[in-house]
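The next block holds one structure in the form of structure tokens; read it before the comments.
Numbering (this note's numbering), first residue to last: 4 to 206.
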């Protein structure tokens, strides 16, 4: 059956619509945060923080990472609370705020997997909490199981809408020392997450 001119025009228009829809979907999918995005960000966060300044400080030992990113750092689970911070508010816009809410909802039960964390050993939070049976003996209980080394607690990294910035809280607990927390802004440069600035010191 031969197609007339009008039918051919309709077919070409349909093709254009389908192609446009395909590329729109690709663009939307690029904004979806995945497990891979999170693990890349967390591993590169550790690399960045354990850079020159860390070495100049004597390379303090933080051999472990708590497995649940949102449990200890409640600040990073409330987007409205996050945006009350003026410095953060200047770095991220309303579209980013909506993206943060979506990410926190999608990854509310996220747990770090040992197979995806490159340089640290994972401490399950359930095991960690058992060490607090007697707070006076916490570090003694801790060292008997994990040695004389500290640990990290790293929040779920929150990515801007365009995936060019991320916000993360890193808590460092040195062996037998108080914990220190910092809110960090990272920016993507040449495909890697680089520390732009420490926005706030939580200690």
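Note that beta-carbon positions come from the ideal geometry of N, C-alpha and C, so glycine has one too.
Legend entry - For residue 165: DSSP bridge partner residues: BP columns for residue 165 are empty, so no partner.
Legend entry - Whole-number beta carbon distance between residue 176 and residue 153, since they are thought to touch under 8 Å: 5 Å
Legend entry - C-beta contact flag for residue 134 and residue 71 at 8 Å: no
Legend entry - Where residue 156 sits in the DSSP three-state scheme: strand
Legend entry - Top-ranked residue by Cα proximity to residue 168, from 178, 78, 198, 183: 198
Inset, instruction - Pick helix, strand or coil for residue 36, following the three-state DSSP scheme. - result: coil
Inset, instruction - Could you give the DSSP three-state label for residue 128: helix, strand or coil? - result: helix
Inset, instruction - Determine, using beta carbons only, whether residue 120 and residue 45 come nearer to each other than 8 Å. - result: yes
Inset, instruction - Quick one: grab the DSSP three-state call for residue 114. - result: coil
Inset, instruction - Identify every run of the beta strand (DSSP E) within the region 45-119, keeping only runs that are complete inside it and at least 3 residues long; order them along the chain. - result: 65-69
Legend entry - residue 179 - containing alpha helix (DSSP H), residue span: Unbroken run through residue 179: none, as it is neither H nor E.
Inset, instruction - Consult DSSP for residue 24 and reduce its assignment to one of helix, strand or coil. - result: Only weak support is given to the placement of residue 24: the predicted model assigns it a pLDDT of 45, under 50, and the question is left unresolved by the model.
Inset, instruction - Would you list the one or two residues that DSSP bridges to residue 143? - result: Residue 143 pairs with nothing; no bridge assigned.
Legend entry - Backbone CA spacing between residue 185 and residue 160 [nearest angstrom]: 13 Å
Legend entry - Where residue 184 sits in the DSSP three-state scheme: strand
Inset, instruction - Output the distance between the C-alpha atoms of residue 52 and residue 91, rounded to the nearest integer angstrom. - result: Each residue's Cα considered, the two are about 20 Å apart.
Inset, instruction - Would you mind reading off the limits of the beta strand (DSSP E) that contains residue 138? - result: Unbroken run through residue 138: none, as it is neither H nor E.
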